Each structure stands twice: as C-alpha cells, then as structure tokens.
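Notes to accompany the following structure.
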C-alpha cells in the first residue's frame, strides 16, 4: 500500500497524534474504515545519531538539529502513503519551520540494546529538521512524558478539525 518511511521524534511518537494527522481521527484504530490502513503501518523504536532534540521556545513541540555526539530516540514508521506524507508536511510546517530530509536511523531490536554479536540494523527514511535558527530553541531537551501530561490533550481535541496550522504563540506571532 504505502512505501514511504519516516522517523518521528516528538508529538508524532504518540500513535493517537499520528492517526489524527494521517487519518483525521485519533481513534482511527476503532474505525473500520481506517483499520486496514493502520494494519499496513509498522511502528518501531529507532535512534537517530548525530542529532539532538530541543524544545522550541514557547511551544509544546520539539525540533531536531544536527549535533555531533548526540542521539535522538523516536519511532521508525513504515507503510506511509504519499497522502500521509502530504498531511504530515502540513502538520510539521514543511518548508516554513522544518525541512523534510532523508536520514539513516538505527532500528532498536525488541527487548532493547543488541548483543555484541548482533549487527546494527540501519534504515533510510525521512524526518523533519528544524530550519528556523538556534535562537528559537531552548538548550533543554524536549521530553515526551512532559508533553503527554501537559499538552497531548490539546493536540487531540475533538472539538477542532486539524487544518494544518499550529496555534501556539510562536506560530501565530511569527
């Protein structure tokens, strides 16, 4: 079905956010119309080397930047369609806040770290790299658990249809 792959490191780590963006429904796994498409997605842990994840100032979402000696944990998703990528581009502000680029991630084997006699499995995919400047990022790393507790509910608000525009202070002030 879909042959696109991506690495997500922020809000899209949450399957509910991913489903809301790609299918317009945070509870897509319960919707018979979406269940087949969801079954085509494979989501697994992955690590992006030589990048760091930072908090975007005054925003609930992160950014990644190239930074030697750092790693970013996230998810590697296969089975995405061109339509999914188009919706993800809108969500991510591709071309305005982020640039979609090809990267190579290390797939995390089930059960955590690999044994010494196992090879590292790498995979090519796309991800969204911050393009607005370091002055708009905090030094502090973005934390998914903090996002989940404080902001996830707003990202999943069923009272508003996602129109591809962020309403945080940073994006509305420009």
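In the numbering used here, the protein residues as written are 19 to 192.
For each residue, glycine too, the CB sits at the ideal point set by N, CA and C.
None of these values were measured; they are calculated from a predicted model.
- Counting C-beta pairs with one atom in each stretch, the segment 142-150 and the segment 166-175 have fewer than three that are closer than 8 Å, which means they do not touch.
- By alpha-carbon distance to residue 36, the top candidate from 74, 50, 105, 139 is 105.
- Three or more Cβ pairs drawn from the segment 89-106 and the segment 62-72 lie within less than 8 Å of each other, which places the two stretches in contact.
- Under DSSP, residue 81 takes part in a beta bridge, and its partners are 72.
- Annotation: residue 148 to residue 136 spans about 33 Å, alpha carbon to alpha carbon.
- If you check the CB distance, residue 160 and residue 74 come in under 9 Å.
- Distances from the alpha-carbon of residue 59 to those of 152, 22, 29 put 22 closest.
- At a cut-off of 4 residues, the continuous stretches assigned as alpha helix (DSSP H) that sit fully inside the segment 21-48 are 33-41.
- The Cβ atoms of residue 29 and residue 63 lie no closer than 9 Å to each other.
- In chain order, 125 place their CB closer than 6 Å to the CB of residue 139, counting only its own chain and leaving out the 5 sequence neighbours on each side.
- Counting only runs of 3+ residues, the beta strand (DSSP E) found wholly inside the segment 107-171 occupies 116-125, 139-148, in chain order.
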